[in-house]
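Taken in order, these protein sequences are the chains called A and B.
Start counting the first sequence at 0; every next residue gets the next number (numbering that gives the first Met the number 0).
Start counting the second sequence at 0; every next residue gets the next number (numbering that gives the first Met the number 0).
All C-beta atoms in this analysis are idealised placements derived from N, C-alpha and C, irrespective of residue type, glycine included.
Number of protein chains: 2
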Amino acid sequence: MNPPTIKDVAKAADVSVATVSRVLHNLAGYSDKTRQKVMQAVEELGYQPNAIARGLVNKRTQTIGVLFPDVSSSFSSDILRGIEEIAQEKGFSVIVCNTAEEGKRTMKYLQVLREKQVDGIVFTSEVLKDEYFQVIKEMRVPVILVNTMSQKYTIPYVKVDDRQAAYHATDYLIQKGHREIAMLSGSLKDQIAGYPRFEGYRQALADNGIEYDESLVAIGEFELEASRLAMRRLLAEAPSFTALFAASDEMAIGAMRAAFEQGLRIPDDLSIIGYDDLKFARMVYPPLTTIHQPLTMMGRMASEKLIALIEEGSTQVASSIVSHHLVERQTVKSKP
Amino acid sequence: MNPPTIKDVAKAADVSVATVSRVLHNLAGYSDKTRQKVMQAVEELGYQPNAIARGLVNKRTQTIGVLFPDVSSSFSSDILRGIEEIAQEKGFSVIVCNTAEEGKRTMKYLQVLREKQVDGIVFTSEVLKDEYFQVIKEMRVPVILVNTMSQKYTIPYVKVDDRQAAYHATDYLIQKGHREIAMLSGSLKDQIAGYPRFEGYRQALADNGIEYDESLVAIGEFELEASRLAMRRLLAEAPSFTALFAASDEMAIGAMRAAFEQGLRIPDDLSIIGYDDLKFARMVYPPLTTIHQPLTMMGRMASEKLIALIEEGSTQVASSIVSHHLVERQTVKSKP
DNA sequence: TTCAGTTGCGTAAACGTTTAAGTAATCTTA
DNA sequence: TAAGATTACTTAAACGTTTACGCAACTGAA
């Protein structure tokens, strides 16, 4: 009645469990005849190994845990896809964890991952707090950071150089002839997607001899509606500008919305460049010119690194700064 | 050096492992004094139970597996979020599986889920092939279908009534005064998102005394670019129409794109209604009027049902037809 | 013929839990 | 005060694997 175990197979094939185990793993130590017998018994009983029992003795579960601030965001799910792809290819399963950006939930999840004896963890898009690091350290499993990093601990990460990418975006607008360039930025307290992008923007201006004008930048949230309002304010109160760098695609789209509402045409009256290249960037009209982050590939890389660390117990693996690229669609136009 | 086990705790507290286990589960059978001793030992050693060992004896892993055709789609990730939310609340972990719509991968994953001894499975957005059902049956774990169903096997599902929702969308256009209504449909072979939506469209026309005109419907893929082309052809070749029902948001957006390219204004020259209400439906301009599927809630419901089946070993749980609703944004206008 | 080496297995411990069954001491109750 | 009940434990088996070790039978060389 119960699913057949290795013992049942052994009995049916009239050998010991050790022998069954050996043929199943094709190690040496049995004749061809016993091999046949075992295989037949396996077949007839429909035997499937029990990974839990195996995990108990091997101290390996072939499972990794992945933490996201929001699994359902386009951003997270692209990364997840990459992680899953490689994991499955290498024989690992992935447990997804939605932290909802809450420390308590995150801690609880780390607890669960520890109890479930995952072989490794990938931690994405959030700052790695000390308390998180402590439990991970106690777990003695490898971690990889994606789209985030830690300056306090040396943990391998994979991310793009936000500062450089933002520089690229801004510089691109400048090369297109724009000089009055506004920016929609995330909070400068945000060490990942906030401050570095702002810094890239400012540096690009400086390097091109354009004076930084504080009143051209709106600092707020990454969310669409907030950005729409911020853009509306910018349009009303700021000195005039011909181009905008938005620190995320969602911001860019909020800005486009505000621009439309003021009767501005994009890109004719205003050029806009975004950041991320999420799936909807090509869905809006006009399709958004933006900085592409290769999220799925980043997921793949993280997965590969993590599994390398797990399998080889290899010493520290290197971090990767993956290169962004700028995808030209239809929201930026040269200034005549 | 190795993580402390229950034996270490027992030794430290100078009791047997059975006692430790009992206080940890707070069952009866020990004095307050031993309780203290045990707790203190747990504390000092930083003991964490090993869920793998626990799973082996309990034959319960507190883990469910979820299969998606494409984890990274907005559609899937919304469902995933709901599933994860309830699962985590009830003490279950979720393993995500990306089938890539391939039978082989799906089978391989089912195998893995079986070996990993998951307690239940949720299967989403694909038809449940016989071979899938067979292995799930052998696994003897509950399954829930989301956004799909099986007429062959009676498996609980949660989905919206596609036919009715499509009827609703079409009828809405009719109530707005439109009579020449085109449709962008998925393949009629598609028993979930194809045929039923087409049928709903046709029925709504019929019930309102509008003759069905084959040349007004384009049957193709759900993908944006294909839809854009299909719409372009419709615009060029079909009799004129004032409204369009697209069988998905992505199709609707492809159609909008084609319309823009022909210089049509939406909704002034052409009304469009979509289906799904994915996140980007509100991001496009003008924001898309569409049929809302409560995906996250559907995920929650599926998770709840599944866990009920697992915990109570309860007899067949009922399926749920969840109600869609129509969200009015800015792509549909009354015909004067 | 003998001895070392090889082949083909089986035995049993171990992994970290849970839990049924057993036991000794204490407490009731008549 | 003795029998039964209760309390506070311990012992040990079980869950389904993997794997170190042991051992008998056979092989080949000297």
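Residue burial classification, residue i (beta-carbon count within 10 angstroms, cutoff 16)
| i | result |
| --- | --- |
| B:Ala17 | exposed |
| B:Arg264 | exposed |
| A:Lys103 | exposed |
| A:Tyr200 | buried |
| A:Gln292 | buried |
| B:Ile320 | exposed |
| A:Leu187 | exposed |
| A:His177 | buried |
| B:Glu210 | exposed |
| B:Gln174 | exposed |
| B:Ser73 | buried |
| A:Gly119 | buried |
| B:Gly28 | exposed |
| B:Lys278 | buried |
| B:Ala40 | buried |
| A:Asp267 | exposed |
Residue i in three-state terms, based on DSSP
| i | result |
| --- | --- |
| B:Val93 | strand |
| A:Ile82 | helix |
| B:Gly199 | helix |
| B:Val22 | helix |
| B:Val331 | coil |
| B:Lys6 | helix |
| B:Leu183 | strand |
Of the listed residues the options, nearest to residue i (C-alpha basis)
| i | options | result |
| --- | --- | --- |
| A:Gly219 | A:Pro155, A:Gly193 and A:Gly81 | A:Gly193 |
| A:Pro195 | A:Asn146, A:Leu172, A:Gly208 and A:Val70 | A:Asn146 |
| A:Val70 | A:Phe244, A:Glu100, A:Lys89 and A:Ala181 | A:Glu100 |
| A:Tyr171 | A:Met250, A:His324, A:Val14 and A:Ser15 | A:His324 |
| B:Glu310 | B:Arg59, B:Arg113, B:Val19 and B:Arg201 | B:Arg59 |
| A:Ala317 | A:Val331, A:Arg80 and A:Ala301 | A:Ala301 |
| A:Lys128 | A:Val140, A:Val111 and A:Tyr152 | A:Tyr152 |
| B:Glu83 | B:Val111, B:Glu198 and B:Glu303 | B:Glu303 |
| B:Ile143 | B:Val65, B:Val111, B:Asp31 and B:Glu88 | B:Val65 |
| A:Glu236 | A:Ser226, A:Leu215, A:Lys115 and A:Ile252 | A:Leu215 |
| B:Ala9 | B:Asn1, B:Pro2 and B:Val19 | B:Val19 |
| A:Ala50 | A:Ala258, A:Pro286, A:Lys115 and A:Tyr131 | A:Lys115 |
| A:Gln133 | A:Val121, A:Val159, A:Met106 and A:Arg34 | A:Met106 |
| A:Gly312 | A:Phe74, A:Pro141 and A:Asn1 | A:Pro141 |
| B:Ala11 | B:Arg231, B:Leu23, B:Glu42 and B:Ala27 | B:Glu42 |
| B:Thr241 | B:Ser149, B:Pro335 and B:Tyr46 | B:Pro335 |
| A:Val93 | A:Ser322, A:Val326 and A:Ile306 | A:Ile306 |
| A:Ile180 | A:Asp212, A:Gln190, A:Ala164 and A:Ile154 | A:Asp212 |
| A:Asn57 | A:Gly28, A:Val117 and A:Met182 | A:Val117 |
| B:Ala246 | B:Asp189, B:Asp206 and B:Gln329 | B:Asp189 |
| B:Val37 | B:Pro155, B:Lys6, B:Gly208 and B:Thr288 | B:Lys6 |
| A:Met297 | A:Arg80, A:Arg53 and A:Met255 | A:Arg80 |
| B:Val331 | B:Tyr46, B:Phe244, B:Thr295 and B:Phe279 | B:Phe244 |
| B:Arg299 | B:Ile78, B:Thr33 and B:Gly185 | B:Ile78 |
| A:Gly185 | A:Gln110, A:Ala165, A:Gln202 and A:Ala203 | A:Ala165 |
| B:Gln261 | B:Pro285, B:Ile271, B:Pro238 and B:Arg231 | B:Arg231 |
| A:Phe67 | A:Phe122, A:Gln150 and A:Glu222 | A:Phe122 |
| B:Glu198 | B:Ser226, B:Asp160, B:Ala225 and B:Lys32 | B:Asp160 |
Q) What alpha helix (DSSP H) runs, 4 residues minimum, are completely inside the region 283-324 of chain B? A) 294-311
Q | Those runs of the beta strand (DSSP E) which lie wholly inside the region 86-155 of chain B and span at least 3 residues | A | 92-97, 119-123 and 142-145
Q.
Which complete beta strand (DSSP E) runs does the region 201-280 of chain A hold, if anything under 3 residues is left out?
A. Qualifying beta strand (DSSP E) stretches, in chain order: 216-218, 242-245 and 270-275.
Q. Which of the residues in the region 56-78 of chain A, read from start to end, lie with their CB under 7 Å from any CB of chain B?
A. Thr60, Val70, Ser71, Ser73, Ser76 and Asp77
Q: Quick one: which unbroken alpha helix (DSSP H) runs of 4-plus residues sit fully inside the region 15-73 of chain B? Chain order, please.
A: 16-23, 31-44 and 50-57
Q) Closer than 8 Å, Cβ to any Cβ of chain A: which residues of the region 161-175 of chain B, in chain order? A) Correct list: empty, as no residue qualifies.
Q. What residues in the region 278-291 of chain B have a beta carbon less than 9 Å from any beta carbon of chain A?
A. Lys278, Phe279, Arg281, Met282, Val283, Tyr284, Pro285 and Pro286
Q) What residues in the region 97-116 of chain A have a beta carbon less than 7 Å from any beta carbon of chain B? A) So the list reads Asn97, Val111, Arg113, Glu114, Lys115 and Gln116, given in the order they occur along the chain.
Q: Taking only beta carbons into account, state which residues of the region 239-270 of chain B come closer than 7 Å to chain A, listed in chain order.
A: Ile252, Met255, Arg256 and Phe259
**Q.** Selection of the region 175-206 of chain B by Cβ proximity to chain A, strictly under 7 Å
**A.** none
Q. Which residues, in chain order, does the region 83-96 of chain A contribute to contact with chain B at a C-beta distance below 8 Å?
A. Glu83, Glu84, Gln87, Ser92, Val93, Ile94, Val95 and Cys96
Q) the region 10-40 of chain A: which residues have C-beta closer than 7 Å to a C-beta of chain B, in chain order? A) Against chain B - using a Cβ distance shorter than 7 Å - the region 10-40 of chain A contributes no residues.
Q: Quick one: which residues of the region 301-329 of chain A get their C-beta closer than 8 Å to a C-beta of chain B? List them in chain order.
A: none
Q.
Please identify, using Cβ separations under 9 Å, the residues of the region 140-153 of chain A that lie next to chain B, in order along the chain.
A. Flagged: no residues at all.
**Q.** Residues of the region 209-236 of chain B with Cβ closer than 8 Å to any Cβ of chain A, in chain order
**A.** Leu223
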